[in-house]
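Enquirer:
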Amino acid sequence: MEIPNETFVLDGITINDPHTVENLRLFILTGRENILGKPYKVLSEAMSQKQVDVKETGSVNQLTIDNNGDDHVFIHSGDILKGGKQDRTIAYDVIIPPRAQNIPLESFCVEQGRWEQRADEEVVAFSSNSKMLSSKDLKLAAKHDKNQGRVWSKVSEQKTHLNEKLSVKNGYAINVADEVSETSLQLALENEELSKAKEAYHDALKDLIDTPDALGYAYAINGEIHGVEIYNNTRLFKDLWDKILESVVVEAIGKEGEESSTPKTKKDVLDFMKAGKSNDKKTVKKLNRLTNFETLENKAGHLVFTTTDLEWKKWVHKSFMEVDTTTYDRKMGVDNMRFQNHE
Numbered sequence: 322m323e324i325p326n327e328t329f330v331l332d333g334i335t336i337n338d339p340h341t342v343e344n345l346r347l348f349i350l351t352g353r354e355n356i357l358g359k360p361y362k363v364l365s366e367a368m369s370q371k372q373v374d375v376k377e378t379g380s381v382n383q384l385t386i387d388n389n390g391d392d393h394v395f396i397h398s399g400d401i402l403k404g405g406k407q408d409r410t411i412a413y414d415v416i417i418p419p420r421a422q423n424i425p426l427e428s429f430c431v432e433q434g435r436w437e438q439r440a441d442e443e444v445v446a447f448s449s450n451s452k453m454l455s456s457k458d459l460k461l462a463a464k465h466d467k468n469q470g471r472v473w474s475k476v477s478e479q480k481t482h483l484n485e486k487l488s489v490k491n492g493y494a495i496n497v498a499d500e501v502s503e504t505s506l507q508l509a510l511e512n513e514e515l516s517k518a519k520e521a522y523h524d525a526l527k528d529l530i531d532t533p534d535a536l537g538y539a540y541a542i543n544g545e546i547h548g549v550e551i552y553n554n555t556r557l558f559k560d561l562w563d564k565i566l567e568s569v570v571v572e573a574i575g576k577e578g579e580e581s582s583t584p585k586t587k588k589d590v591l592d593f594m595k596a597g598k599s600n601d602k603k604t605v606k607k608l609n610r611l612t613n614f615e616t617l618e619n620k621a622g623h624l625v626f627t628t629t630d631l632e633w634k635k636w637v638h639k640s641f642m643e644v645d646t647t648t649y650d651r652k653m654g655v656d657n658m659r660f661q662n663h664e
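Going by this note's numbering, the first residue of the sequence shown is number 322, and it counts up by one from there.
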């Protein structure tokens, strides 16, 4: 049992008391920001203002972006792009410099089968970014496994879970898939019945972003920690909050009614973060002249992803996650077979 008013701090980041709605427990993390002001415009804002153009290249797993404005644009790993020949998700955090043209973006398809115009959308480019990947497994499939077959598998799995849970909640059959494109994760996340189910969670948690010095969050579903996310800039975290909150709420809805363990505490979150600092393997990928993406992992399955702004020479985003090492290799093999069979 935690002692009242006991503080839990790691590397200057304080874990605050949890807020619980249904099966979701959310902890706001606070600290001192090291990149001040508003150094980045998030992708959703840049696209809505027509500052950037994200374009098809003819390859499922690579897009390009033009930044036609004077702001640095931050693209969050898991951001979903709607439109083009298929809806995509971006694999890694990427910082796009002002006025930069034809910058490559590594991507994964989150809509299986379509390779043509959908309704009245533009086919050579993308129209918006209002959603991000909405499960731990999907995030890992894209930025850790880099496995298209696993991404498709986890999209299908999440839609199945949402159908089951929403049908039970409402007392009648619900299918979140949209007949315009039944495989699209984006369109499933826009489903009206899902939107209604999100309201209670959202209303109870939306104002947590106003916590002074908020820099990130940790969350647990059914008593299992699914991730810890820390940003080095308060404004950036606030600008991302709507998408972040929706993504964890959708994940929680997809797991309602499942077996639950003891609710996690601040100490559990601290231990989760500490476990990620012990690593057996480190990889660094330079994504463009401004962005490094580093992965630390250990044999116990703990992962820490760190995005660094090479111009500021400071990290921007740290993500702590965990994989189940007892079943992961077997599942990866099955998903690779599915991808190869599809091709």
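Just so you know, even glycine gets a beta-carbon here, dropped at the ideal spot from N, CA and C.
All figures in this text were calculated on a predicted structure; none of them were measured in a lab.
For Glu485 and Glu632, I'd like the C-alpha separation in whole angstroms.
Expert: Mapped onto the sequence shown, residue 485 falls at position 164. Mapped onto the sequence shown, residue 632 falls at position 311. Each residue's Cα considered, the two are about 47 angstroms apart.
Enquirer: Ile386 by DSSP, collapsed to three states: which one?
Expert: The residue labelled residue 386 in the question sits at position 65 within the sequence shown. Ile386 falls in the strand class under three-state DSSP.
Enquirer: Cutting at 8 angstroms between CB atoms, please list the residues of its own chain near Gln383, excluding the five before and the five after it.
Expert: Residue mapping note: residue 383 aligns to position 62 of the sequence shown, counting from 1. Same-chain partners within the cutoff: Pro425, Leu426, Glu427 and Ser428.
Enquirer: If you reduce the DSSP assignment to three classes, tell me which class Ala421 lands in.
Expert: By 1-based counting over the sequence shown, the position of residue 421 is 100. Coil at Ala421, not helix or strand.
Enquirer: Within the same chain, show all residues whose beta-carbon is closer than 8 angstroms to that of Gln422, passing over the 5 residues directly before and after it, in chain order.
Expert: As a position in the sequence shown, residue 422 is number 101, starting the count at 1. Taken in chain order, the residues that qualify are Asp387 and Asn388.
Enquirer: I'd like to confirm the pairing. Which residues does DSSP put opposite Gly404 in its beta bridges?
Expert: Translated into positions along the sequence shown, residue 404 becomes position 83. Gly404 pairs with Phe447.
Enquirer: Fully enclosed by the segment 534–596, which alpha helix (DSSP H) runs are 4 residues long or longer?
Expert: Those alpha helix (DSSP H) runs which fall completely within the segment 534–596 and span 4+ residues are 555–574.
Enquirer: Note down, in chain order, each residue of its chain lying with its Cβ closer than 8 angstroms to the Cβ of Gln507, except the 5 sequence neighbours on either side.
Expert: Position 186 of the sequence shown holds residue 507. Around Gln507: Ile401, Lys403, Asp408, Val431, Glu432 and Lys452.
Enquirer: By the 10 Å Cβ neighbour count, where 16 or more other Cβ atoms means buried, how is Gln469 classified, buried or exposed?
Expert: Within the sequence shown, numbered from 1, the residue matching residue 469 stands at position 148. Its Cβ being crowded by 16 or more others within 10 Å, Gln469 is buried.
Enquirer: So, for Ser582: in the same chain, excluding its five sequence neighbours on each side, which residues have a beta-carbon less than 8 angstroms away from its beta-carbon?
Expert: Taking the first residue of the sequence shown as 1, we reach residue 582 at position 261. Counting only Cβ-Cβ distances below 8 angstroms, and skipping sequence neighbours, we find Asn543, Gly544 and Glu545.
Enquirer: Taking a contact to mean a Cβ-Cβ separation below 7 angstroms, would you say Ile574 touches Ala498 in this structure?
Expert: Position 253 of the sequence shown holds residue 574. Position 177 of the sequence shown holds residue 498. The answer is no: Cβ separation not under 7 angstroms.
Enquirer: Could you check what DSSP says for Thr328 in three-state terms: helix, strand or coil?
Expert: For the purposes of this step, residue 328 is taken as residue 7 along the sequence shown, with counting starting at 1. Three-state DSSP puts Thr328 in coil, outside helix and strand.
Enquirer: From the DSSP output, in three-state form, read off Trp473 for me.
Expert: In the sequence shown, counting from the first residue as 1, residue 473 sits at position 152. Note: Trp473 maps to helix in three-state DSSP.
Enquirer: Quick one: what does DSSP say Thr335 is sitting in, helix, strand or coil?
Expert: Locating residue 335 in the sequence shown gives position 14, where the first residue counts as 1. Three-state DSSP puts Thr335 in a strand.
Enquirer: In the segment 497–536, which residue ranges form an unbroken alpha helix (DSSP H) of at least 4 residues, counting only runs that do not cross its ends?
Expert: With a minimum length of 4 residues, the continuous alpha helix (DSSP H) runs that stay inside the segment 497–536 are 506–510 and 513–526.
Enquirer: First and last residue of the beta strand (DSSP E) that includes Glu615?
Expert: For the purposes of this step, residue 615 is identified with residue 294 of the sequence shown, where counting begins at 1. It spans Thr612 to Glu618 - the beta strand (DSSP E) in which Glu615 sits, taken as one unbroken run.
Enquirer: For a test of your reading of the model: does the CB of Lys480 fall under 6 angstroms from any non-hydrogen atom of the ligand ADP? Yes or no.
Expert: Looking at this structure, you won't find the ligand ADP or any other ligand, since it has none at all.
Enquirer: Could you give the DSSP three-state label for Leu623: helix, strand or coil?
Expert: If you number the sequence shown from 1, residue 623 lands on position 302. The amino acid occupying residue 623 in the given sequence is His; Leu does not appear at that position. His623: strand per DSSP, three-state reduction.
Enquirer: Take His663 and list the residues in its own chain whose beta-carbon comes closer than 6 angstroms to its own, dropping the five residues that flank it on each side.
Expert: The count along the sequence shown starts at 1 and reaches residue 663 at position 342. At His663, the pLDDT of 38 sits below 50, so the modelled position is not reliable; the number obtained from the coordinates is stated separately. Answer for His663: no residue qualifies.
Enquirer: Could you tell me the boundaries of the beta strand (DSSP E) in which Glu377 lies?
Expert: For the purposes of this step, residue 377 is identified with residue 56 of the sequence shown, where counting begins at 1. Element bounds for Glu377: Val373 to Ser380.
Enquirer: Enumerate in chain order the residues of its own chain whose CB-to-CB distance from Ser568 is below 6 angstroms, with the five nearest sequence positions on each side excluded.
Expert: As a first step, residue 568 is located in the sequence shown; it is residue number 247 there, counting from the start. The answer, listed in chain order, is Met453 and Ser455.
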